Structure formats: C-alpha cells, structure tokens
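Colleague: With the numbering used here as the guide, the letters of the sequence shown map in order to residues 1 to 92.
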Amino acid sequence: MARAYNKKVRPRNFEVGQLVLKRILPHQVVAKGKFSPNWQGPFIVKKVLPNRALYLIDIEGKMAEMAINADAVKRYYDPPGIWEFTLCSGPS
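#1: Quick one: measure Cβ to Cβ for V20 and Y77, integer angstroms, because I've assumed they're closer than 8 angstroms.
#2: Just to confirm before moving on: does the CB-CB distance between K46 and Y55 stay below 8 angstroms?
#3: Following the continuous beta strand (DSSP E) through A53, name the residue where it begins and the one where it ends.
#4: DSSP state of N69, grouped into three classes?
#5: Starting from K46, trace the beta strand (DSSP E) both ways and give me its first and last residue.
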C-alpha cells in the first residue's frame with residue numbers, strides 16, 4: 001500500500017528566497033468553523049535544512065522561532081491581476 005502512495009508523491013523542493021504559504025495546524029488556534037482559512041502567509045524561505053525542514057521569515061522580516069516541515073508548506077503564487085507592470089522603453 002505504501003508503494004502505491006509513494007509512486008504518486010512528488011517531492012517539493014524549496015529554495016532560499018521563495019515565497020510560501022504555511023498550513024494553519026488545528027492545535028495552534030481555536031477552531032473557527034469550516035470556513036476559516038487553512039493557510040497563512042506568504043512567508044519567505046530563509047534557510048533550507050537537509051531533513052526537509054525550513055526556516056521562514058514573514059514579509060516584515062521577523063524570523064520564526066522554530067523550523068517547519070516541508071510537508072506543511074506550499075508554494076505561493078501571486079494572484080493574477082493584482083500586480084500590473086507596464087514596460088516602457090527608454091527615451092525615444
């Protein structure tokens with residue numbers, strides 16, 4: 001049974017400086033119903049440890065007290081349409 005599960009699991013590789021979301025674990029906060037958010041962030045990966053643990057910092061630069069397992073984070077994607085950039089060429 002484990003072999004069938006492991007066949008479909010793709011390892012997540014994180015790099016320093018990458019934006020991620022952290023799972024809100026049930027024992028960390030008081031339950032607020034099924035419509036409460038499951039993820040918090042974004043956070044920035046500060047350090048990647050060899051045992052698939054990550055040290056995260058928030059956007060203000062505050063470092064987390066302890067490492068978090070890579071299974072409890074996922075990559076953050078910017079929502080489309082929020083950041084619009086216009087490329088302008090140099091002086092014509």
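Don't be surprised by glycine CBs; every beta carbon is placed ideally from N, CA and C. This structure is a prediction, so every number in the text was calculated from the model and none was measured.
Modeller: Taking the coordinates as given:
#1: Incorrect: roughly 10 angstroms between the Cβ atoms, too far for contact.
#2: yes
#3: A53 to D58
#4: strand
#5: W39 to V48
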